[in-house]
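**Q** To start, I am sharing the structure in question, which I have written as structure tokens.
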Amino acid sequence: MSQVGGLFSAIVKFGWEVPFPPRTPERNATNPPQRLLEQLGMSSGQSHAGVTFNGNEGLPIYSFIIHFSFAIVFALFYCVMAEYYKSITLWQGAAFGLLVWVGAHLVLMPLTGTVPSPFPWVAGGQTWAEHFSEALGHVIWLWSIELVRRDLRNRITHQPDPWIPLDAEPAR
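The working numbering puts the first residue of the sequence shown at 4, with every later residue one more than the last.
Have a look at this one:
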């Protein structure tokens with residue numbers, strides 16, 4: 004369930020970033036997954052390795068691997084926690100998506116130097132456009148995980164979420 008949600012949500016997030024690219028072309032020359040890999044010791048040449056698909060050259064394969072891995076790991080965490088803590092599903096997962104955005108893009112990645120300062124008024128900092136794209140992208144990303152989680156859970160178990168009593172009045 005979480006693997007399907009993770010894969011689906013990663014594609015949804017990719018789709019979101021087409022009309023709303025989170026970084027300027029200059030900042031995207033080395034994107035955050037590539038920068039992280041370089042911080043972990045991978046050479047710049049390898050972190051920027053690309054593949055070709057349908058005539059499109061230079062698709063950053065390692066960035067894609069990080070992107071999909073991130074989505075699958077968070078989907079797994081979210082799906083497991085949703086079985087025990089109803090609050091994680093607040094606003095159909097959107098609140099958790101915002102929490103992940105704040106934790107990753109505004110706190111953790113700036114602290115580790117993976118991305119610049121989260122403050123747009125600081126020279127070289129993240130822009131308001133980046134915040135818009137990433138914040139709403141994370142909302143859409145987690146919402147897609149919740150849609151898959153709830154649908155597959157109900158199809159597999161034939162039961163509602165754990166916090167809904169089985170003798171509850173059906174929705175009208």
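For each residue, glycine too, the CB sits at the ideal point set by N, CA and C.
None of the values given here were measured: they were computed from a predicted structure.
1. Quick one: what's GLY44 bridged to in DSSP?
2. When the distance is taken between beta carbons, is HIS141 closer than 7 Å to GLY96?
3. By how many angstroms is the C-alpha of TRP19 removed from the C-alpha of ALA85?
4. Taking SER50 and GLU41 to be in contact with their CB atoms under 8 Å, please state how far apart those CB atoms are, rounded to whole angstroms.
5. Could you please give the first and the last residue of the uninterrupted beta strand (DSSP E) stretch that includes PRO63?
6. Note the first and the last residue of the continuous alpha helix (DSSP H) segment covering VAL151.
7. Can you find the residues in the same chain that come closer than 6 Å, C-beta to C-beta, to PRO121, ignoring five residues on each side of it along the sequence?
8. By Cβ distance below 6 Å, which residues in the same chain neighbour TRP104 in space, the five residues on each side in sequence not counted?
9. Per DSSP, which residues does PHE56 bridge with? Please list them.
10. Is any non-hydrogen atom of the ligand MG found closer than 6 Å to the C-beta of MET45, if you look at the structure I gave you?
11. Please return the same chain residues whose Cβ sits closer than 6 Å to the Cβ of PRO25, not counting the five positions on each side in sequence.
**A** Well, looking at it:
1. Paired residues: none, contrary to the question.
2. no
3. 25 Å
4. Between GLU41 and SER50 the Cβ distance is about 5 Å, and since that is below 8 Å, they are a contact.
5. Run containing PRO63: 59 to 63, per the beta strand (DSSP E) assignment.
6. 131 to 160
7. LEU109, PRO113, GLN129
8. GLU137, ALA138, HIS141
9. ASN59, per the DSSP bridge assignment.
10. In terms of ligand content, the structure shown is empty, and the ligand MG therefore cannot be addressed.
11. GLU133, SER136, GLU137
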